[in-house]
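From first to last, the protein sequence lines are chains A and B. In terms of this note's numbering, the first sequence opens at residue 23 and continues consecutively. In terms of this note's numbering, the second sequence opens at residue 446 and continues consecutively. So the structure is just underneath, and the comments pick up after that.
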Amino acid sequence: MQFFRLVLTGVALALMPATAAFAADAELDALALESATETAVPTARSGRDLRFFVEGATGNASQRYQPGSRSIGRVSVDFSLAVTVAPGLRAIVSDRVDYMDPSDPGTDATVNSLREAYVSWQGDGAAGANIVEFGRINLRYGPGYGYNPTDFFRDGSLRTQTTANPFAMRENRLGSVMLRGQHLWSGGSLSLAYSPKLADEPNPDGWNVDLGATNNRNRALLVLGTQFSPTISSQLLAYKEAGRASTLGASATALLSEAATAHLEFTRGSEPDLLSRGLGLPDTSRTRNRFVAGMTYTTLGKLSVTAEYQYNGFALSESDWAALGASPAAQEAYLREAQRSQDLAARQAYLVYVTQKSLGLKDLDLTAFLRVNAVDQSKMAWVELRHHWPSFDLALQVQRHLGEINSEFGILPDSRLIQVLGTYYY
Amino acid sequence: MKYLVSLLFSVLLGAGSAWAAPSADDILTASDAIRNPGRAFSVTVTLTEFQAGKQVDTSTLTSYSRNQPNGQFSSLISFVLPARDAGKLMLKNGNDMWFYDPSSKASVRLSPQQRLLGQASNGDVATVNLAKDYKATLVADEDIQDGDRRTRKAHKLALAAISPDVTYASIEMWVDVENNHPLKARFFAESQRLLKTAYYRRYQPQLGATRPTETVIIDGLNPQSVTILRLSDFVARTIPEIWMQRDFLPRFQPE
């Protein structure tokens, strides 16, 4: 044994100068490399900031309750434009057109989503900055990964659902028409938004601006953002909509270590439960909590893992969900309402969200998540492999729905979706 | 008697040279002042990545940096290229780090270990005064090859972290004895593993001093993985304190 140790030590010592020489040579080689030439950077003085991409997807969905599978496809055009009209004054337009084949039930094949169209004025002073904005604004709050109780303007904001990835879903949503003022000072901000009722109900017409989806009641939101310390920040929120009591909310994020962060969100308010809303039952408001807490850990190898616990006091309990199983139509209405309002259908749920940058290849990224309904134990698994080129992305996505026939994910008609996506950025 | 005279002589000589020579911390502070302008500024950062000598990626950022009252810098970094990342932002205010994506309107808190920029760490593109976070010791004066492959006489400094919030547990740094120009640095993890080697080169007059405009970063584990960080378009500017917080990120517009 000692002999082998001696041999190994000898080999290591013999190789050491070679290794050092190799490293020194590599450094000399590195110093011979030249940087790419610089690119002119657009500035506010250039007047406009345009982002534009087209995306195509084709795939296949295996049907759980019918034989065979069906083809799925999509083409999307997505752009946003910010123009500086005058010093401190900007106009912003953000729009997306999706052509879906087959289309979602009750919607056109081509659906336009006018996400944002607003003007923004910003004045800087010694005491901070003041901002006034008016128009359709995508106002989003909440550090949660898969569920955001403090994201009060989320309901009805998705005209089409092109992905199950909660992060990508947020990119496609409609803003609400509102007047918004914000004051920013060193270490915090105070924001007040008022969003008026402009229509009674959503409009399914594909090219409609669909104010009824986001502005079907008067709403107001007050938000105080604070930075407790370099490692803890928080937001306090007060939300009020016509005919209901105020809902109070709070969120916080914290840096736990060199590699770990944590987040939480909490709201408490009085409103009808999810089933009453899904079935259109008379208003039986009750006071309940919504809650999210999660932690993200990142390794030196660029692997990030987030685990999140989610709670919705307005969702059905285990026994109520089991009882609802006797009425598939009511169950479907319940789940549709959860999807429409981007609320959590389960009383308790878990999410594990994983990203791995440079998976084997430098420009190959893996994103995957698993949603678990802790009440009925059904699951949704989603995996994406995405390769980047300078202006083009190619992605493979696989999505699985697992669970009993009367469970949240088991009730979905497709058991597995596979699709390939190509995205070209201009 | 001979011993006493010798001791007295050496003590006096030692004290005299200590009185005259700058301390290792002074050298580090002076080299920080070469790397970083002493005021708020913006700079265009071009990152070029190489694998085995072949260029595999390039990206462009604009970094806005501001001196904080504690002597450290905070930086707001705006992604310009590639097109898929245009408009995304990273904020680094000490260890208070955020990533903002204008598409999803999401501000995500980052841990220092989360990297957004390929091989380069977030700290590589942010402005950092090492003297605020490290205690320096002069190890030796020695000849080394600088980033432009010329031989230079350099102070070799050993830097040990004095702040718990730093990315590197220790650093070896070579600083030109003539002008305090940083020439080379080796960055180590707590396990003493070499994380990266950096060469500072292409010195040019920028914002009142001759400063390095390129850093060649060589991966510690895989020396074939190299990133060149080029700085251009230095502009001295007023950067308000309110820029350096999460709630400003949705408000940012390039200037």
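Quick reminder that beta carbons are idealized off the backbone N, C-alpha and C, glycines included. Owing to the predicted nature of the structure, the values given are computational and were not obtained by experimental measurement.
In terms of Cα proximity to A:T172, the closest of A:G78, A:V154, A:G271 is A:G271.
Considering only beta carbons, the part of the region 657 to 669 of chain B lying closer than 7 Å to chain A consists of E659, V661, I663, P668, Q669, in chain order. Taking C-alpha positions only, A:S298 is separated from A:R369 by approximately 15 Å. In this structure, A:L443 places its C-beta atom within 8 Å of the C-beta atom of A:A79. Taking B:R595 as reference, the option from A:A337, A:N170, A:L53 with the minimal CA-CA separation is A:L53. Take B:A643, set aside five residues on each side of it, and the residues of its chain with a beta-carbon closer than 6 Å to its own are A630, T660, I662, in chain order. Counting only the Cα atoms, B:T683 lies some 41 Å from A:A48. Bounds of any beta strand (DSSP E) do not take in B:D471; it lies within the alpha helix (DSSP H) bounded by 469 to 480.
B:N540 reaches chain A at P252, T253, L277, E280, counting residues in chain order whose Cβ is nearer than 9 Å. For A:I153, the chain B residues whose C-beta falls within less than 9 Å of its own C-beta are R696, listed in chain order.
In the structure shown, A:R358 falls within a helical segment according to DSSP collapsed to helix, strand and coil. For A:T236, the enclosing alpha helix (DSSP H) has its first and last residue at 233 to 236. Against A:N160, the close residues of chain B are K550, in the order they occur along the chain (beta-carbon pairs closer than 7 Å). B:F524 sits in a strand when the DSSP states are folded into three classes.
By the criterion of at least three beta-carbon pairs nearer than 8 Å, the region 133 to 153 of chain A is in contact with the region 105 to 125 of chain A. The closest CA to that of A:Y447, considering only B:P527, B:M542, B:G653, is found on B:P527. Judged by DSSP in its simplified three-state form, A:S91 adopts strand. In the three-state reduction of the DSSP assignment, A:A46 falls in the helix class. Looking at the DSSP output, A:V99 sits in a beta bridge with A:V76, A:V119. Residue pairing from DSSP places A:I254 in a beta bridge opposite A:S251, A:A276.
Secondary structure at A:D227: coil, using DSSP grouped into helix, strand and coil. B:R529 and B:S519 do not touch by the CB rule: their CB atoms are close to 26 Å apart, not below 8 Å.
The way I'd put it, the region 119 to 135 of chain A doesn't touch the region 81 to 91 of chain A; fewer than three beta-carbon pairs between them come closer than 8 Å. In this chain, the beta strand (DSSP E) harbouring B:P657 covers 654 to 664. Listed in chain order, the beta strand (DSSP E) runs fully inside the region 561 to 592 of chain B are 579 to 590, counting runs of at least 3 residues. Under DSSP, the beta-bridge partners assigned to A:I440 are A:N82, A:V420.
In the structure shown, the three-state DSSP call for B:F693 is helix. For A:R192, there is no enclosing alpha helix (DSSP H), as DSSP marks it with neither H nor E. The DSSP-derived three-state label of A:D342 is helix. Put simply, the CB of A:Q364 is far from chain B, with every gap to its CB atoms at 8 Å or more.
Unbroken beta strand (DSSP E) runs of no fewer than 3 residues, entirely contained in the region 131 to 164 of chain A, are found at 132 to 147, 150 to 159, following chain order.
For the region 494 to 516 of chain B, the set of residues with a beta-carbon nearer than 8 Å to any beta-carbon of chain A comprises E494, F495, Q496, G498, Q500, V501, D502, T503, T505, T507, in chain order.
Between B:K533 and the set B:D471, B:D546, B:G539, the nearest pair of CA atoms involves B:D546.
Per DSSP, the beta-bridge partners of B:A606 are B:Y579.
One finds nothing in chain B with a Cβ atom closer than 8 Å to the Cβ of A:Q332; even the nearest lies about 17 Å away. Listed in chain order, the non-local C-beta contacts of A:G247 below 7 Å within the same chain comprise G210, S211, Q257, local neighbours out to five positions each way being set aside.
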